[in-house]
Structure formats: C-alpha cells, structure tokens
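Just so we're aligned, residue 15 is where the sequence shown starts under the working numbering, counting upward by one. Where is the CB? At the ideal position from N, CA and C, for every residue including glycine. Small disclaimer: the values here were computed from a predicted structure and weren't measured.
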Amino acid sequence: MTDDLRAAVAAGVLGSEGAYLSLLTSIAQVARAIFGARAASIFLLDEEADELVFAAIAGEGSDRLVGARFPSSTGIAGWVLVTRQPLVLEDVSEDPRFARDVAEATGYVPRSLMAVPLLHEERVLGVLEVLDRPQRPGFTLEQADLLGLFANQAAIALDLLLAARRARAVLAEEGQNADVVAALAAALDGLESERREGALRLLAGLEEILRTK
C-alpha cells in the first residue's frame, strides 16, 4: 500500500469512528432528555484491559470524563455488565453494590440510577446508565421499554465503533491486503442498515484471515 493510499484509507476509517462516537453521544443526550435526568453515560467494555470506559456522556461529567476507565467488575455498572441484568435504584446509598469511591473520583455522586447492559448478538459490549431522573413513584413498564430502546440503539452504535477500531488496527499492521479491509470499514457509513450487518460480518472474516496469515 502506498503512503498516500494508506493516509486516505486511514482518514476514512477514522471518520467512521468519529461518526459512531457522535452517535453514542446523541443517544446519551436523548436518553437524558427523555427521562429528565441529570446525566446519562454509555460505557464501552475494553475486553483486553478488562475495564469499562466512558465512551459518551450527556450532562454532568461530559466535560471531563470521556475516556476515563475503571475495572469492569466495579460498582453498579460492573454488576450489570457481569449479570447482563438491568437495575433500577432509587437510592444508591442503600445498595452495597454501589462503588462510592469510584463515583467520588469522577466528581459526581448520584442519588438514583437506571442501568442496562448493552447486548449485541449475545455479546455484552457495555452499559448504559441514566442518573438522577426526577423522583416518581415506581418504575413503569413504559420507562422500561424506553430504556430498552436506548440500550438497543447504543449497542448497535458500539458494535459499529468497535468494527471501525478493529479495521484501523488492521490498517496499522503491515500486510499487502490491509487496504481491502480498511476500505471496507471506511465504506460502512454509506451502507443501508440491512446491508451493514453483512458488511460487518465480512469485515470480521477478512480480519481473521489476515491475522492468521
């Protein structure tokens, strides 16, 4: 691959990654607005480091916490990640799973939260949290459906983000066919939703072939 081609394809891959990060931020912003919450956060699971990473934040902490990390088994988010079960707490101080020290380190300690795992094709990719929504009696079925909807959209966006990052990693490796994989990743943004899933599978297959050569 020539230096010019490598630079052009890399720009396309990085552009895709930026678009998916923007999409995650938009999902967090809408979730916060819909629930009238003080903040909403989307955590991405970094499997290699075994950590949860703040991938997108709306509201409190959005100016300083994106990119911050903590062990994946920590606190409410860690419990939701491991168990793959949603959780709604009206007072986190009464729950032993709440990691107050981690919350204090972020500069924001919530009183209440809703958390849901982000699942895509049986894989757990991260966690969505909605913090300090207005106090209302009970958690309604309508709220549960809304939270599930946001979780589904966030999981799709995370999966696309991870695919773009895998493509960038392949591009960084030496190999005469790396340009094929990277070009496919760069084109994902232009595909219709029903075609994107097939392209992601093809991308994963190409990456696997290249890595085993």
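**Item:** E156 versus F49 - alpha carbon distance
**Value:** By one-based count along the sequence shown, residue 156 stands at place 142. By one-based count along the sequence shown, residue 49 stands at place 35. Whole-angstrom Cα-Cα distance: 11 Å.
**Message:** If I measure Cβ to Cβ from I170 and keep anything under 7 Å in the same chain, skipping five residues before and after, which residues do I get?
**Reply:** Residue 170 sits at position 156 when you count from the first residue of the sequence shown. Counting only Cβ-Cβ distances below 7 Å, and skipping sequence neighbours, we find H134.
**Item:** Cα-Cα separation, I95 to F112
**Value:** Translated into the one-based positions of the sequence shown, residue 95 becomes position 81. Translated into the one-based positions of the sequence shown, residue 112 becomes position 98. For clarity, residue 95 is Leu in the given sequence; the question names Ile instead. L95 and F112: Cα-Cα distance of roughly 14 Å.
**Item:** Under the three-state DSSP convention, the category S107 falls into
**Value:** To locate residue 107, count along the sequence shown from 1; it is residue 93. Three-state result, S107: helix.
**Complete runs of the beta strand (DSSP E) confined to the region 133-175 [at least 3 residues]** = Runs of the beta strand (DSSP E) inside the region 133-175: 137-145.
**Prompt:** Do you know how far the Cα of V116 is from the Cα of E104?
**Reply:** Your numbering for residue 104 matches position 90 in the sequence shown. Your numbering for residue 116 matches position 102 in the sequence shown. In this structure, the alpha-carbon of E104 lies about 19 Å from that of V116.
**Asked** How long is the line joining the alpha carbons of T172 and E108, rounded to whole angstroms?
**Response** Walking along the sequence shown from the start, residue 172 turns up at place 158. Walking along the sequence shown from the start, residue 108 turns up at place 94. It should be pointed out that residue 172 corresponds to Leu in this sequence rather than to Thr. If you draw a straight line from the Cα of L172 to the Cα of E108, it comes to about 31 Å.
**the region 33-50 contacting the region 61-81, beta-carbon criterion three pairs below 8 Å** = Inter-segment contact for the region 33-50 and the region 61-81 is present: three or more beta-carbon pairs are separated by less than 8 Å.
**Request:** Indicate whether A54 and P100 have their beta-carbon atoms separated by less than 9 Å.
**Result:** The residue you call residue 54 lines up with position 40 of the sequence shown. The residue you call residue 100 lines up with position 86 of the sequence shown. A54 places its beta carbon 9 Å or farther from that of P100.
**Asked** Can you name the start and end residues of the beta strand (DSSP E) that R114 belongs to?
**Response** Counting from 1 along the sequence shown, the entry for residue 114 is found at position 100. Run containing R114: none in the beta strand (DSSP E); it sits in the alpha helix (DSSP H), R114 to T120.
**Prompt:** What separation, rounded to the nearest whole angstrom, lies between the Cα atoms of E31 and V138?
**Reply:** On the sequence shown, residue 31 is found 17 positions in, with the first residue counted as 1. On the sequence shown, residue 138 is found 124 positions in, with the first residue counted as 1. Rounded to the nearest whole angstrom, the CA to CA distance from E31 to V138 is 19 Å.
**Request:** Please state whether DSSP places E65 in a helix, a strand or coil.
**Result:** For this step, residue 65 is matched to residue 51 along the sequence shown. In the three-state DSSP reduction, E65 falls in the strand class (E or B).
**Prompt:** Helix, strand or coil: which one does DSSP assign to L101?
**Reply:** Taking the sequence shown and counting its residues from 1, the one referred to as residue 101 is at position 87. Residue state, collapsed to three classes: strand.
**Span of the beta strand (DSSP E) around R275** = Shown here, the chain extends from 15 to 227; a query on residue 275 therefore has no answer.
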